[in-house]
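Inspection log for the structure reproduced underneath, given as C-alpha cells.
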Amino acid sequence: MNGRIHSIETCGTVDGPGLRYIIFTQGCLLRCQFCHNPDTWEVGKGEEISVEELTADIKDYLPFFQASNGGVTVSGGEPLLQVDFLIELFRELKKLGIHTAIDTSGGCFHRSPHFMKKLDELLELTDLVLLDLKHIEPEKHKELTGMRNDHILDLAAYLSEKNIPVWIRHVLVPTITDIDEYLHGLSEFIGTLDNVEKIEILPYHQLGVYKWEALGLGYKLKEITPPSQERVDHASAILNKGKQNVG
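Quick note: to get this note's numbering, add 2 to the position in the sequence shown (first position is 1).
Structure (C-alpha cells):
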C-alpha cells in the first residue's frame, strides 16, 4: 500500500521520545493561521511511497531507536486522513519492535462505524498519540483553524476511554491562545482526561511565513511576535495543573 508523503525527517528529536524517524503525510482539513507547513494542506498531492519502501529505510535506524528509546512518528498534514496506510505501516513496524507515535490535530475524526473500526485497529498498533489542541473555545478555534473543535475534543475523550497514552501539544500564540481564560479552560478539560503523560507548550514562531508567501497565501499573524519565556512557563504551569488534577 502507498501513502501520500510530504517529507521525511530521519533523526527528529521533538516529536516523541528519543530519536524519531518522522513521516510528514500530505493533506489536512484544518487551515491553522500559524501553520508552518501550509504546503501539506492539499489532499491528493505529495509523493506516493509504499509501506515496503518506508520499512526498508526505517530498518537502517533501528540502532538509533534502541539507543535512545526512540521510534517512528507519523505527522502531517493530518495522518488520520490515511488511516489504512498507517495501519499497514504500523503493523510492519511492530514486527520490528519499533515504538509508534501519531501526531494529529484530530480534524478528520468522526464516529462513523467504518472510521471507528479502522481507528480502533490503528490504536492497537499505536504506542503514543501527540494530540494538538489548538484552542479550547469552539468559535475561537474556528477563527484560528477554519473548523470548530467539538469533534477534536471528542477524539481526546475517546483516547482517554481507550487509555491510549497522549502528549497534549498547545501552540501558544500571543493575543489568541495566550490568554489566561482560555488556558484555564483548556486546563479544566485536560483534567477530565485520564491518559495524559505530558503537556508541551509550543511557542508561536514565524518560521513558516516564507512558505505562505511562496504559495501566494496571505499570512494574518505577521504582527504577532513570539511569546516570552515567562508566558510559556506561565501557560505550562496552568495546563500542567489540569494534568495533576486527573484522578
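Here a beta-carbon is modelled for each residue, glycine too, at the ideal position from N, C-alpha and C. If you're wondering where the values come from, they're calculated on a predicted model, not measured in any experiment.
- Of all alpha-carbon atoms in Tyr221, Thr227 and Ile89, the one lying nearest the alpha-carbon of Lys120 is that of Ile89.
- Taking the Cα positions, Asp41 is about 12 angstroms away from Glu80.
- Annotation for Ile100: Ile60, Leu64, Phe67, Gly73 and Val74 place their beta carbon closer than 8 angstroms to its own, counting only its chain and skipping 5 residues before and after.
- Looking at the DSSP output, Thr27 shares a beta bridge with Ile7.
- Arg150 and Asp156 have their C-alpha atoms spaced approximately 12 angstroms apart.
- Note that the C-beta distance between Pro205 and Leu174 is below 7 angstroms.
- Under the three-state reduction of DSSP, Trp169 is assigned to strand.
- Within the same chain, Cβ atoms closer than 8 angstroms to the Cβ of Lys222 are found at Gln35, the five residues on either side in sequence being excluded.
- Secondary structure of Arg93 (DSSP, three-state): helix.
- Look at Lys164 here: in three-state DSSP terms it is coil, with no helix or strand label.
- Rounded to whole angstroms, the gap between the alpha carbons of His207 and Arg171 is 15 angstroms.
- Taking the Cα positions, Trp43 is about 26 angstroms away from Pro19.
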